[in-house]
Structures are given as C-alpha cells and as structure tokens.
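Visitor: Before we start, here is the structure in question, set down as structure tokens.
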Amino acid sequence: MFATNLCFSQKQITGDQVKIHNVVIQLNTADTASWSSVIGNIKNIQKVWPNNLNMEVVVHGKAIEFLVKEKTYFANDIQMLSLQGIKFNACENTMRKHSINADMLLKVAGIVPSGVAEVIMKQEQGWSYLKSGL
Amino acid sequence: MFATNLCFSQKQITGDQVKIHNVVIQLNTADTASWSSVIGNIKNIQKVWPNNLNMEVVVHGKAIEFLVKEKTYFANDIQMLSLQGIKFNACENTMRKHSINADMLLKVAGIVPSGVAEVIMKQEQGWSYLKSGL
Amino acid sequence: MFATNLCFSQKQITGDQVKIHNVVIQLNTADTASWSSVIGNIKNIQKVWPNNLNMEVVVHGKAIEFLVKEKTYFANDIQMLSLQGIKFNACENTMRKHSINADMLLKVAGIVPSGVAEVIMKQEQGWSYLKSGL
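Chains as they are written, first to last, in the numbering used here: chain A, 310 to 443; chain B, 310 to 443; chain C, 310 to 443.
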C-alpha cells in the first residue's frame, strides 16, 4: 500500500516533464512562404515544450524540394532543427515521381514509403496533426 | 482457458489484415491543382492499404464543382475510385447556396447535410483527417 | 439492478442533447476569402449543433489582422459569434512579432501564448481540428 502511494506521488510530481507532445506536420505545397511558416511554427512550439516535443515533418508532393540539397532555401534551419530532434521525412512515392534519389536529399532527411500514409498512421497513434499552407 | 488463448493467437496472426484505416479528406478549394493532388493522394494510399482502407472525400464550399457533372475535370477518376470503395460526398448546404441539385452531381456522389459537420463527426469517430490544399 | 437499468435508459434518451462537439479551427492565412469561409463554416456548424457546440478559432501568423480592430473586415460577425459562445483567440507570439498589443484587438478576442501549441493541445484533449485555407 505504501509503495503504491509513493509511486503515484512521484508520477504526479513529474507529470509535466513526462507528457510528450507528439505532432506530425504535413508539408505538401511549393509555396516557400509556407515552408518558412512551418520553420517558424516549429521554433515556436520548441519554446513551449523544449524537453517533451516529438515532432515529424512529412514532406511530399509539391513540397519535396524543401528537402533537396540543391533546391531548398532552408538547409541551415532544417539541419539545426534535426540536431534538436525534429524529424524531416521525404515521401518515397514523390521522390520516384520527381526522379529524386536519396543522395539528393539533405543528409538529415529520412524517407518514408508514402507521405500521406505516414500522416494517417501518426494520427492513428494519437499524434496531433498540423497541415501547412497559408 | 485453451479456447481463449487460441482466439487471442488468431487475432494476432490476422491483425494486419483486419486493421481498417479510416480517413476523411476535406476538399474545399476551387484550385484544380488541389483536386488533382487529392486524386493522386488517394491512389497512393490505396497502394499502401489495398484491402483495408475506408476513405471519404467531403466536398464543400468552393470545391463543389469537383462533383458537378458539367464542371469537373475528374469524372473518370472519381467514378473509378468510387467503384473501388472511395466515397465522395457533396455538402447540401453548399449545393443550396450554389443552386446545384442532386441531378447535377456525378451519379456516384453522395450528399451529406453539412460538409464541415461531416468532417468533424468522422474525427469524433476516430478517423484520420487530411485537409486538401497546396 | 433496476436502478442501473433505469439510469442507462435515461442516458440513452438524453444522449443527443449532452454530446458536446469540440472543434478547434486554425486560421493562419492572410487570404481574406479564407477568413470569410471560416465565418461561413462556423455559421453552418452552429445550425447543425445549436446547443452543443464548443468551438475555438485560433488566429495566428499571417491571419492576425483578422482580430485587429482597425484591420479586420469581420468585426460584426466576430462579435456576434462571440456572443453566441464561439471563442476567438489571438497568438501572443504573433502579436509580439507584429507589434500588436491587446488594446488593438477586438474586445471579444482572447489571447493564447502560442497559437500552434493551442491547436495541438486541443487535439490532445480530443477536439476535432479544422485547418482554414482555400
């Protein structure tokens, strides 16, 4: 009985620290103002939850160049955010369609088989969803 | 006891087959590039889950002509996807506002009283949400 | 046993009245057609659930002038909808960035520390999400 109560108290005390905020952002527009907005949103969310944010940006369709080394305007931001734990994943379906291979992506970028399926699966796992676009 | 365990094992073995992916897509833009993108996204998701996808496209507001026979550029795709089980539903509020009656819609189109309420209710039932728009 | 069944029956009878529909709308575009569309969507949803709608519009980024007295085209609608219980909240991060102080907002507007974090937290609490944008 004593042990159980102790355990419960500890969970309450550390509750704020252990609550992870899981967020999937869908980026599928060619509009670079939307790209910039997504970067800004991520930085704002990081300030709110510096230690308990689990965020994945799924890049597909007309946004794919956001993760292409020779095309993106946001390489520095993406690399810095990746170091801080934000995941950036390119859609393999889109890459195939646009003849983009893995070597052409920023080194920090991951690849998922289907961008839209990824966004769906994360929601199924309880992640919050943010759609990019202005 | 034996029967229970057997049942449990069967559920595990067939788990991947029976998991249905419920997805509601909100299409409310006049931008035909977004219409095309939605069609492409659906086809990609179908390849990922050919046997366990339950998807509804809710068409309302400025997108309503997507489902109007004399206006849409995507009649063939919509009809084919409908045969494959994808549902396309027009918003009755929007139809009234634009003086569109049921006869003017593609035959495969369904009608829901309120497009936005439909999108909300599907999320309440645990469906994943995809917002169209580029 | 009798009491339990009675209670269950009452819950069924009043089930439709007590089910609250919680909805968060993210408005982050400068496009005033999207502002108008959000106003129209809210009015449509109110007709569907006149007595059991709990809705918050989170205004941030390029949409912030939607809630600025001297800038918005929708002051009358926003004030009327506020009286009817719809909440409109401005993002404090955006206000700081655009040098907008609380006095410059419509009186009915609330303020949240981070617009995107607010949208995420509402989803975590089970609210449905609608992204604005056409």
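Every residue, glycine too, gets a C-beta built ideally from N, C-alpha and C.
Because the structure is a prediction, the values reported are computed rather than measured.
According to DSSP, which residues form a beta bridge with A:Gly419?
Guide: BP columns for A:Gly419 point to A:Asn398.
Visitor: Counting only Cβ pairs nearer than 9 Å, list the residues of chain B close to C:Tyr382.
Guide: Simply none; closest approach about 18 Å.
Visitor: Does any CB atom of chain A fall closer than 8 Å to the CB of C:Ser391?
Guide: Cβ-Cβ to chain A under 8 Å: no for C:Ser391.
Visitor: Please list the partners that A:Gln434 has in chain B, where partner means a Cβ-to-Cβ separation under 7 Å.
Guide: In chain order: nothing, as chain B lies at least about 10 Å away.
Visitor: Along chain B, which residues have their Cβ under 8 Å away from the Cβ of A:Thr338?
Guide: Under the 8 Å cutoff, chain B gives Gly442, Leu443.
Visitor: Just tell me which of B:Leu362, B:Ala372, B:Pro359 has its CA closest to the CA of B:Ser345.
Guide: When only C-alpha atoms are compared, the closest one is B:Ala372.
Visitor: Determine the burial state of C:Gln432: buried for a count of at least 16 other Cβ atoms within 10 Å of its Cβ, exposed for fewer.
Guide: Burial call: buried.
Visitor: Under 7 Å: does the beta carbon of B:Gln393 sit that close to some heavy atom of the ligand COA?
Guide: In the structure on display, the ligand COA does not appear, and there are no ligands present to speak of.
Visitor: Residues of chain B with a CB under 8 Å from the CB of A:Ile429: which are they?
Guide: Those are His330, Val332, Ile354, Ser437, Leu439, listed as they occur along chain B.
Visitor: Does the separation of the CB atoms of A:Val377 and A:Leu336 fall below 8 Å?
Guide: Not a contact, by the Cβ cut-off of 8 Å.
Visitor: DSSP three-state label for A:Lys440, please.
Guide: A:Lys440 falls in the strand class under three-state DSSP.
Visitor: Specify the secondary structure class of B:Gln321 as computed by DSSP and reduced to three states.
Guide: Model confidence at B:Gln321 stands at a pLDDT of 45, short of 50, so the residue's coordinates are unreliable and nothing is read from them.
Visitor: Going along chain C, which residues have a C-beta under 9 Å from B:Asn350?
Guide: Residues of chain C passing the Cβ test: none, with the nearest at roughly 15 Å.
Visitor: Cα separation between C:Gln321 and C:Asn363?
Guide: Legend: pLDDT at C:Gln321 = 45, less than 50; position of this residue unreliable, no value from coordinates given.
Visitor: Quick one: list the residues of chain C neighbouring A:Val357, beta-carbon separation under 8 Å, in chain order.
Guide: Within 8 Å Cβ-Cβ: Pro422, Ser423, Ala426.
Visitor: Kindly indicate if chain B contains any beta-carbon less than 8 Å away from that of C:Ser345.
Guide: It does not; no Cβ of chain B falls within 8 Å.
Visitor: Over what stretch of residues does the beta strand (DSSP E) that includes C:Gln434 continue unbroken?
Guide: C:Gln434 -> no beta strand (DSSP E), and no H or E assigned at all.
Visitor: For B:Ile334, which of B:Trp358, B:Ala342, B:His369 has the nearest alpha-carbon?
Guide: Nearest option by C-alpha distance: B:His369.
Visitor: Rounded to whole angstroms, how far is the Cβ of A:Asn410 from the Cβ of A:Gly424, which I believe are closer than 8 Å?
Guide: With a Cβ gap of about 17 Å, A:Asn410 and A:Gly424 do not count as contacting.
Visitor: Compare the beta carbon distance of A:Asn385 and A:Val421 with 8 Å and say whether it is the shorter of the two.
Guide: Cβ atoms of A:Asn385 and A:Val421: not closer than 8 Å.
Visitor: Identify every run of the alpha helix (DSSP H) within the stretch 357–409 of chain B, keeping only runs that are complete inside it and at least 4 residues long; order them along the chain.
Guide: Listed in chain order, the complete alpha helix (DSSP H) runs (minimum 4 residues) inside the stretch 357–409 of chain B are 384–392, 401–406.
Visitor: Please confirm whether C:Asn398 has its beta-carbon closer than 8 Å to some beta-carbon of chain A.
Guide: For C:Asn398, the answer is no, since every Cβ of chain A falls outside 8 Å of its Cβ.
Visitor: If you run the structure through DSSP and keep just helix, strand and coil, what is B:Asn337?
Guide: In this structure, B:Asn337 counts as coil in the three-state DSSP scheme.
Visitor: Please compile the residues from chain A whose C-beta is within a distance smaller than 7 Å of the C-beta of C:Asn402.
Guide: Those within 7 Å of C:Asn402 in chain A are Asn353.
Visitor: Identify the contact partners of C:Gly370 in chain A, using a Cβ-Cβ distance below 7 Å as the criterion.
Guide: Going along chain A in sequence order, the residues near C:Gly370 (Cβ under 7 Å) are Ser346.
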